[in-house]
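Student: Residue numbers (this note's numbering): 41 to 148.
Cβ atoms here follow ideal geometry from the backbone N, Cα and C, with glycine treated the same way.
Since the structure is predicted, the reported quantities are computational estimates derived from the model, not experimental observations.
I have a structure I would like to understand better, so I am pasting it below and will then ask my questions one at a time.
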Amino acid sequence: AAAGVVFLVGGSSVEYWWPAVAFGLAVWSYTRRPSWSAAAVAVLACAALWFINRNLWALAALPVLFLASRVDVRVPRLRWAFYAYYPLHLAALWLIRIPMSKAGYLFF
41 AAAGVVFLVG GSSVEYWWPA VAFGLAVWSY TRRPSWSAAA VAVLACAALW
91 FINRNLWALA ALPVLFLASR VDVRVPRLRW AFYAYYPLHL AALWLIRIPM
141 SKAGYLFF
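Laid out in structure tokens, this is it:
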């Protein structure tokens, strides 16, 4: 019951609303224990994005994800890379904003 309340309230508070939350839960469930039902919920959640942005391009990512799961690529795990990348990309966006705002683009 509590998870349902979190889903209902949380879905109204995130970008792409309930389809995004449903997709995240379906992918999490699929990675823990692969099943057709979790995959079906993920596909339906991607299709439900149509109600938000009026296109079905999110479904184009699904064949790419399927094919990527069939390729065995060894990627080193860099434990702290995200903690360096995230503030650096925010700083880059902030620096890009300066000449763009002088060119007349509005940023709020």
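In chain order, which alpha helix (DSSP H) runs of at least 4 residues are fully inside the stretch 76–107?
Tutor: 76–88, 90–93
Student: For A85 versus P59, is the C-beta distance shorter than 7 Å?
Tutor: yes
Student: For the alpha helix (DSSP H) containing P59, list its first residue and its last residue.
Tutor: 57–72
Student: If we count Cβ pairs, one from each stretch, closer than 8 Å, do we get three or more for the stretch 111–127 versus the stretch 76–92?
Tutor: no
Student: Mind checking A42: buried by the 16 CB within 10 Å criterion, or exposed?
Tutor: exposed
Student: Report yes if the CB atom of L89 is closer than 7 Å to the CB atom of A98, and no otherwise.
Tutor: yes
Student: Does the beta-carbon of V49 have 16 or more other beta-carbons within 10 angstroms, so that it is buried, or is it exposed?
Tutor: exposed
Student: Give me the Cα-Cα distance between L65 and W76, rounded to the nearest whole angstrom.
Tutor: 14 Å
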